[in-house]
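A.B. asks: For reference, the structure I am asking about is given below.
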């Protein structure tokens, strides 16, 4: 699967959770308080679904969710595992 | 002299431990004397502009300053309603319509919204620090302990939030019970999770004050990240927590607990929803010497009316008792429903006599004398040991992260949306999802936006289904059970 596909899939999954946030252009999603704990729970569930992965609770750290790039890197670590 | 006003405790703390930290968060800390002085300043300003016994809305983030605004309101002889700043403006307006506040105290970033809620909106940071001693003294003299201390709003089944009014007397009675029964030491350090618009915060605030301890306001974001939260508890040397079970469960699931990981934490209390024994067991394994207490109670009875100190082992699948009534509180099971009487009772819902009359009723077992009971709507039974067990709701109220949600409030918002002919919802407890279904021309995306403008985030449905028809019962009502079966059969719920 090519690089673009994963990013598009990620953005589509995130849009389902919060359609009022421009995820592609936003940094500091956690640190700036753009997403809250309810969003985060839904985002993790959405990533698990969209990529058929399981993100363990120990990976739930702010630096993994501050931007789409961070989230994509997280997803990549669990793809194929 | 017995305590008739919670401010007596603030003044004792400020007199006896003036330089001890009272309320703090990472970027701000106030001592007890600073809290007293700041609150007196705010109270003087308010008292010069409002009558006593009037409601004041507080539109601020959880912060030491917010607590000063709340206590300043009390100095003015008024009562406070902290608002969830993230709720939609339309819901804030519904609350303001019910409350008709004498003033709104806000922090700068909420100026625009605050101005729409009252003509008397004041930014707290701009208020004078000088106290008017004579005016505050006059207000104090008028005070009786049946005066209201706060009104907290909860979800209402008709779509209109209900304002639960609570008096000084109830909070004093409750905090005195809590300090003794929970064996709280002087100078304890609370790690506060509950927002101030949620009544679990009442124990945090007033027990910290009564025991001249401190309340550390844990940043909300920490609860998203268990490791960060653990570090916070360690570095802040938190010795007492009173959290909703879902916050404790998030930590337990993240596998960040180990024996000796939190050497300062001596007391773990919880309330607001069912505590899973699996969570409890993981915490007990990490903190074998800590005191674990399960508590139960709706906002209408001042935070907690029953409690159970964990005194034996439970299997992960067992149910934890809610135990026994608090001192000075009576619990009766009438047709299985938990009914509460005592000093803890709210006098009623603010500006809502019909709703009050429906829930606060004469004790039918004692017709000889007026005795009001609050019907909780919760079902209970006693186990073989005589401990009270919580069995669930008798209506369509649900709990999510400790928040009370009336499905009726979601349905009211759904049905009011453009393009919706019929709407209803149910709660799928196994999947922890609120499922909404509707008929009509509305687009799901537009509908989501419409709901966001009316409902707080924790009430938004997780799944919205468009249906050509909604199943009906024999009497013509929407059949939620049948709807659920259809949704399950068609695999519509992820």
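Residue numbers (my numbering), protein chains in the order written: chain A, 1 to 81; chain B, 82 to 575.
Beta carbons: idealized from backbone N, C-alpha and C, even for Gly.
Beta strand (DSSP E) containing residue 501(B): first to last residue?
C.D. replies: It is not in any beta strand (DSSP E) - residue 501(B) carries neither H nor E in the DSSP assignment.
A.B. asks: With a cut-off of 8 angstroms on the beta carbons, I'd call residue 236(B) and residue 487(B) a contact; round off their distance for me.
C.D. replies: 4 angstroms between Cβ atoms; contact.
A.B. asks: Looking at the unbroken beta strand (DSSP E) that takes in residue 80(B), where does it start and where does it end?
C.D. replies: Past the boundaries of the shown model lies residue 80(B); chain B is included only from 82 to 575, so the question cannot be answered.
A.B. asks: Does the segment 95-105 of chain B come into contact with the segment 46-64 of chain A, if we say contact requires no fewer than three beta-carbon pairs (one atom in each stretch) closer than 8 angstroms?
C.D. replies: Result no; under three Cβ-Cβ pairs closer than 8 angstroms.
A.B. asks: Tell me, to the nearest whole angstrom, how far the beta carbon of residue 185(B) is from that of residue 152(B); I am working on the premise that it is less than 8 angstroms.
C.D. replies: Not a contact, Cβ separation roughly 16 angstroms.
A.B. asks: Looking at the structure shown, is residue 1(A) part of a helix, part of a strand, or coil, going by DSSP?
C.D. replies: Note that residue 1(A) scores a pLDDT of 48, beneath 50, so its modelled location is shaky; the value from the coordinates is reported in the next line. The answer is coil: DSSP assigns residue 1(A) none of H, G, I, E or B.
A.B. asks: Should the segment 419-427 of chain B be regarded as contacting the segment 249-257 of chain B, the criterion being three or more beta carbon pairs within less than 8 angstroms?
C.D. replies: As far as the Cβ criterion goes, the segment 419-427 of chain B touches the segment 249-257 of chain B, which means the pair count is three or higher.
A.B. asks: Tell me, which residues are paired with residue 184(B) by DSSP?
C.D. replies: Residue 184(B) pairs with 137(B).
A.B. asks: Give a yes or no on whether the minimum CB-CB distance between residue 481(B) and chain A is below 7 angstroms.
C.D. replies: So no, residue 481(B) is outside the interface.
A.B. asks: In this structure, how does DSSP classify residue 344(B) when only helix, strand and coil are distinguished?
C.D. replies: Residue state, collapsed to three classes: coil.
A.B. asks: Quick one: is residue 281(B) buried, meaning 16 or more other Cβ sit within 10 Å of its Cβ, or exposed?
C.D. replies: Under this definition residue 281(B) is a buried residue.
A.B. asks: List the residues of chain A that residue 275(B) touches, going by C-beta distances under 8 angstroms, in chain order.
C.D. replies: Going along chain A, no residue has its Cβ under 8 angstroms from residue 275(B), so there is no contact; the nearest lies around 14 angstroms.
A.B. asks: Going along the chain, which residues of its own chain have a beta-carbon closer than 6 angstroms to the beta-carbon of residue 308(B), five neighbours each way excluded?
C.D. replies: Taken in chain order, the residues that qualify are 337.
A.B. asks: Across which residues does DSSP place residue 423(B) in a beta bridge pair?
C.D. replies: Answer is 410(B).
A.B. asks: Mapping DSSP to helix, strand and coil, what is residue 51(A)?
C.D. replies: Three-state DSSP puts residue 51(A) in a helix.
A.B. asks: Mind checking who residue 469(B) pairs with in its DSSP beta bridge?
C.D. replies: Answer is 404(B), 463(B), bridged to residue 469(B).
A.B. asks: Could you say which of 455(B), 113(B), 175(B), 306(B) lies nearest to residue 290(B) if we only look at CA atoms?
C.D. replies: Of the listed residues, the one whose Cα sits closest to residue 290(B) is 113(B).
A.B. asks: So, residue 385(B) versus residue 352(B), is the Cβ gap smaller than 7 angstroms?
C.D. replies: Cβ atoms of residue 385(B) and residue 352(B): closer than 7 angstroms.
A.B. asks: Have a look at the DSSP bridge pairing and note the partners of residue 305(B).
C.D. replies: Note: residue 305(B) sits in no beta bridge, so no partner.
A.B. asks: Measure from the alpha carbon of residue 371(B) to the alpha carbon of each residue in 109(B), 147(B), 320(B), then state which is nearest.
C.D. replies: Ranking 109(B), 147(B), 320(B) by Cα distance to residue 371(B) puts 320(B) first.
A.B. asks: Considering only the beta carbon of each residue, do residue 68(A) and residue 43(A) sit closer than 7 angstroms?
C.D. replies: Contact: no.
A.B. asks: Which residue spans inside the segment 496-561 of chain B form an unbroken alpha helix (DSSP H) run of at least 4?
C.D. replies: Qualifying alpha helix (DSSP H) stretches, in chain order: 525-533.
A.B. asks: Nearest to residue 86(B) by alpha carbon, out of 160(B), 562(B), 567(B)?
C.D. replies: Residue 160(B) is the option with its Cα nearest to residue 86(B).
A.B. asks: If you measure from the beta carbon of residue 37(A) to each beta carbon in chain B, is any gap under 7 angstroms?
C.D. replies: Chain B contact via Cβ: present.
A.B. asks: Among the candidates 231(B), 355(B), 271(B), 540(B), whose CA atom is the shortest distance from the CA of residue 314(B)?
C.D. replies: The shortest C-alpha separation from residue 314(B) is found at 271(B).
A.B. asks: Looking only at its own chain, which residues have a Cβ that is under 6 angstroms from the Cβ of residue 568(B), when we skip the five neighbours before and after it?
C.D. replies: For residue 568(B), where only same-chain residues beyond five positions count, the Cβ hits under 6 angstroms are 574.
A.B. asks: Measure from the alpha carbon of residue 156(B) to the alpha carbon of each residue in 90(B), 466(B), 193(B), 140(B), then state which is nearest.
C.D. replies: Taking only the C-alpha atoms, the option nearest residue 156(B) is 90(B).
A.B. asks: Output needed in chain order: residues of the segment 6-36 of chain A with a Cβ under 9 angstroms from some Cβ in chain B.
C.D. replies: Taking 9 angstroms as the Cβ-Cβ cut-off against chain B, the residues of the segment 6-36 of chain A that qualify are 19, 20, 30, 31, 33, 35, 36.
A.B. asks: Name, going along the chain, the residues of the segment 40-63 of chain A whose beta-carbon falls closer than 9 angstroms to a beta-carbon of chain B.
C.D. replies: Residues passing the 9 angstroms Cβ filter: 40, 41, 42, 45, 49, 56, 57, 58, 60, 61, 62.
A.B. asks: Have a look at residue 180(B) and residue 133(B) and give me their C-alpha separation to the nearest angstrom.
C.D. replies: Whole-angstrom Cα-Cα distance: 15 angstroms.
A.B. asks: Which residues in the same chain as residue 1(A) place their Cβ atom closer than 6 angstroms to its Cβ, once the five residues preceding and following it in sequence are excluded?
C.D. replies: Because the pLDDT at residue 1(A) is just 48, under 50, the model does not fix this residue reliably, and the value given afterwards should be weighed accordingly. Correct list: empty, nothing qualifies.
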